[in-house]
Amino acid sequence: MKITENERKIALDSLDCALRAGASAAKVCLNKSVMSTYSVLDKEFDKLVHSADRSLYFHIFADGKYGNFSTNRFEPGELKGFLESSVETVRMLAADGARCLPAKELYYKGTSSGHEMEIDDPSFDDVPPERKKEIAMECAAAAPGTAISAETEFSEQADGLFIADTQGFTGLGYETTYAISSEITVKGKGNSRASGYFWSASPMLSGLKYEDCATKAYERATARLNPKKIKSGKYIMVVENYVASRLFAPIMAALNGMAIEQHNSFLTDSLGKRVFPEWLDVIDRPHVKGAPGSRLFDSEGVATKDCDIISRGTVGMYFINSYASRKLGMPQTVESASRPVIVPFDRTSGKGTGHGISSLDYILRQSGSGILVTGFNGGNSNPVTGAFSFGIEGFRFENGEILYPISEMLITGDILSLWAKSLFAGTDPLESLRWQVPTLAFEDVDFNG
Numbered sequence: 001m002k003i004t005e006n007e008r009k010i011a012l013d014s015l016d017c018a019l020r021a022g023a024s025a026a027k028v029c030l031n032k033s034v035m036s037t038y039s040v041l042d043k044e045f046d047k048l049v050h051s052a053d054r055s056l057y058f059h060i061f062a063d064g065k066y067g068n069f070s071t072n073r074f075e076p077g078e079l080k081g082f083l084e085s086s087v088e089t090v091r092m093l094a095a096d097g098a099r100c101l102p103a104k105e106l107y108y109k110g111t112s113s114g115h116e117m118e119i120d121d122p123s124f125d126d127v128p129p130e131r132k133k134e135i136a137m138e139c140a141a142a143a144p145g146t147a148i149s150a151e152t153e154f155s156e157q158a159d160g161l162f163i164a165d166t167q168g169f170t171g172l173g174y175e176t177t178y179a180i181s182s183e184i185t186v187k188g189k190g191n192s193r194a195s196g197y198f199w200s201a202s203p204m205l206s207g208l209k210y211e212d213c214a215t216k217a218y219e220r221a222t223a224r225l226n227p228k229k230i231k232s233g234k235y236i237m238v239v240e241n242y243v244a245s246r247l248f249a250p251i252m253a254a255l256n257g258m259a260i261e262q263h264n265s266f267l268t269d270s271l272g273k274r275v276f277p278e279w280l281d282v283i284d285r286p287h288v289k290g291a292p293g294s295r296l297f298d299s300e301g302v303a304t305k306d307c308d309i310i311s312r313g314t315v316g317m318y319f320i321n322s323y324a325s326r327k328l329g330m331p332q333t334v335e336s337a338s339r340p341v342i343v344p345f346d347r348t349s350g351k352g353t354g355h356g357i358s359s360l361d362y363i364l365r366q367s368g369s370g371i372l373v374t375g376f377n378g379g380n381s382n383p384v385t386g387a388f389s390f391g392i393e394g395f396r397f398e399n400g401e402i403l404y405p406i407s408e409m410l411i412t413g414d415i416l417s418l419w420a421k422s423l424f425a426g427t428d429p430l431e432s433l434r435w436q437v438p439t440l441a442f443e444d445v446d447f448n449g
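Throughout the sequence shown, residue numbering follows my numbering, covering 1 to 449 in sequence.
As structure tokens, then:
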């Protein structure tokens, strides 16, 4: 699945058309994607779903005003009328002097084939549907026969993005994603039921680990049977790498320039200040070849680069797009982190940042006793204060050994206080995820039953 030369020409010609229609500036994003999903239910093939999409998304600037419009029509005649109507619509809007294209010096300056980051599988179009169905069936076949129900899904997706604007920027990028997932339900004592879910993903089909996906889902399901309730109190909390990003996401949201501009961030006025513990470092690494999230430029064409998001607890940057830059009077950066990485740390051994220990087992042993969180069930966090309340599921552990599953528990607190009590960040983030968040551990966390 590639964006053709003709499609790119249509996108570029549409910019000239917008200028002729009266726009002072314009940007177009050509998005093209294809996705297929193969589903298996109780080891029987269930369904195949296939979809394809192609669209043009325009950002139109005229008379100090701004609007955005999209269409899936690529015929030049239709686009001409569409853009003329779009410009007229923009002229009816209220003026907004903060809306304009980025400064040219921020753009990615090189040429792009779209393949530089090596996150698109060159064999995507060559794998026959029969083989994809086989992968789903092979994964499902590994589910033990004692399961009440077993659902397996294999999916593949290819995305292409071409960006161009009237200041001369052009950029092209491709990405593919393969994923396999399995959800198994098992029966315990009496009417007890439990479900387990496991998944794997990769930009390359050859990197997809699907053989034991159903087996691991079954193991997770059986481990959750017959949960117990425990007393409310303060416990050490270890958070599995599969779900740890839930506690990192509020930080990234609070660093967004639009959240700050709208007074919707608990990190307002924190730039250059130490508001996190000195052992916390978060870095952005956007140019790791073969890694999901890697990119040469953001959606505005701004060049990406390695940067320190949080350095020894000090906020090193906000993510500020062109609009937030003008509203806040602050320099523009990339609009968001590409591949943020939490640098490992281990407070219990005296090792500083960069000397984390890789395994969940090690962190459990070093933590002694507490609660291992393997899932979040609802809840929310307040973006202004950082206060949170999350439902959790997981296991009680003592002396580093998992004892039994727990249920009906909430964790409460606020994000800054929680991270101030962080004990560990491992070296085990999932390679298949854009956010590199490893196993985490915190002390004195409030659990409510």
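A virtual CB, placed ideally from N, CA and C, is assigned to each residue, including glycine.
Rounded straight-line distance, which links the Cα of residue j to that of residue i
i: Ala460; j: Ile415; result: Nothing in the structure corresponds to residue 460, since the chain is present only between 1 and 449.
i: Phe82; j: Asn68; result: 12 Å
i: Arg312; j: Val334; result: 22 Å
i: Val90; j: Asp16; result: 17 Å
i: Thr353; j: Ala52; result: Note that Thr353 scores 45 on pLDDT, short of 50, meaning its location in the model is unreliable and no value can be drawn from it.
i: Gly173; j: Tyr242; result: 27 Å
i: Ala221; j: Arg365; result: 23 Å
i: Ser428; j: Ile342; result: Per the sequence shown, residue 428 should be read as Asp rather than Ser. The straight-line gap from Cα to Cα measures roughly 10 Å.
i: Tyr318; j: Val40; result: 44 Å
i: Phe162; j: Ile309; result: 28 Å
i: Ile260; j: Ala26; result: 26 Å
i: Ala324; j: Ser245; result: 25 Å
i: Leu430; j: Lys65; result: 43 Å
i: Ser422; j: Glu408; result: 24 Å
i: Gly356; j: Glu130; result: Residue placement at Gly356 is flagged as unreliable, the pLDDT there being 46, under the threshold of 50; the coordinate-derived value follows with that caveat. So the two alpha carbons sit approximately 43 Å from each other.
i: Lys305; j: Gly316; result: 14 Å
i: Arg20; j: Asp13; result: 11 Å
i: Ser70; j: Trp279; result: 45 Å
i: Asp96; j: Glu153; result: 46 Å
Beta-carbon proximity of residue i to residue j, cut-off 7 Å
i: Gly168; j: Ile184; result: no
i: Ser322; j: Glu300; result: yes
i: Leu372; j: Phe345; result: no
i: His274; j: Thr314; result: The sequence as given places Arg at residue 274; His does not occur at that position. Taking 7 Å as the Cβ cut-off, Arg274 and Thr314 qualify as a contacting pair.
i: Ile230; j: Ile406; result: yes
i: Val28; j: Leu56; result: yes
i: Cys213; j: Ser182; result: yes
i: Asp444; j: Lys234; result: yes
i: Val238; j: Ile411; result: no
i: Phe442; j: Leu418; result: yes
i: Gly375; j: Phe390; result: no
i: Pro277; j: Ala425; result: no
i: Phe266; j: Ala254; result: yes
i: Ser217; j: Ala201; result: Reading off the sequence shown, one finds Ala at residue 217, where the question assumed Ser. In this structure, Ala201 does not lie closer than 7 Å to Ala217 by Cβ.
i: Tyr451; j: Leu296; result: With the chain covering 1 to 449 only, the question about residue 451 has no answer from this structure.
i: Ala147; j: Val186; result: yes
i: Asp121; j: Leu205; result: yes
Nearest residue (CA-CA) to residue i, options the options
i: Asp126; options: Glu156, Val373, Asp42, Asp346; result: Glu156
i: Thr166; options: Ile119, Phe61, Pro429; result: Phe61
i: Gly190; options: Pro227, Ala164, Phe162, Gly171; result: Pro227
i: Ala143; options: Asp42, Leu79, Ile135, Lys187; result: Asp42
i: Gln332; options: Ser349, Asp13, Val302, Glu401; result: Val302
i: Trp435; options: Ala324, Ser359, Gly293; result: Gly293
i: Arg54; options: Asp306, Arg193, Asp159; result: Asp159
i: Thr177; options: Thr170, Gly171, Trp199; result: Trp199
i: Leu271; options: Tyr218, Arg246, Leu247, Leu328; result: Leu328
i: Thr215; options: His263, Ala150, Thr170; result: Ala150
i: Ile3; options: Phe74, Ser24, His59; result: Phe74
i: Val384; options: Asn264, Asp298, Cys100, Glu240; result: Asn264
i: Ser24; options: His50, Asp298, Asn382, Cys100; result: Cys100
Span of the alpha helix (DSSP H), counted from its first residue to its last, around residue i
i: Phe82; result: 76-91
i: Gly257; result: 257-261
i: Met252; result: 249-254
i: Cys29; result: Unbroken run through Cys29 is the beta strand (DSSP E), 25-41; no alpha helix (DSSP H).
i: Leu440; result: Looking at the DSSP string, Leu440 is not in any alpha helix (DSSP H); the run it does join, the beta strand (DSSP E), is 440-448.
i: Thr71; result: Run containing Thr71: none in the alpha helix (DSSP H); it sits in the beta strand (DSSP E), 65-71.
i: Ala62; result: Premise fails: Ala62 lies in the beta strand (DSSP E), 44-62, not in any alpha helix (DSSP H).
i: Tyr362; result: 360-367
Where the beta strand (DSSP E) through residue i begins and ends
i: Cys307; result: 307-311
i: Ala201; result: 193-202
i: Lys9; result: Element bounds for Lys9: not the beta strand (DSSP E) but the alpha helix (DSSP H), 5-20.
- Query: Of all the beta strand (DSSP E) runs that stay within the bounds of the segment 102-188, which reach a length of 3 or more residues?
  - Reply: 149-165, 170-187
- Task: Quick one: which unbroken beta strand (DSSP E) runs of 3-plus residues sit fully inside the segment 376-426? Chain order, please.
- Result: 387-398, 401-414, 422-425
- Which runs of the alpha helix (DSSP H) spanning at least 4 residues fall entirely within the segment 271-342, listed in chain order? 322-328
- Message: In chain order, what are the residue ranges of uninterrupted alpha helix (DSSP H) at least 4 long that sit wholly in the segment 202-228?
- Response: 213-223
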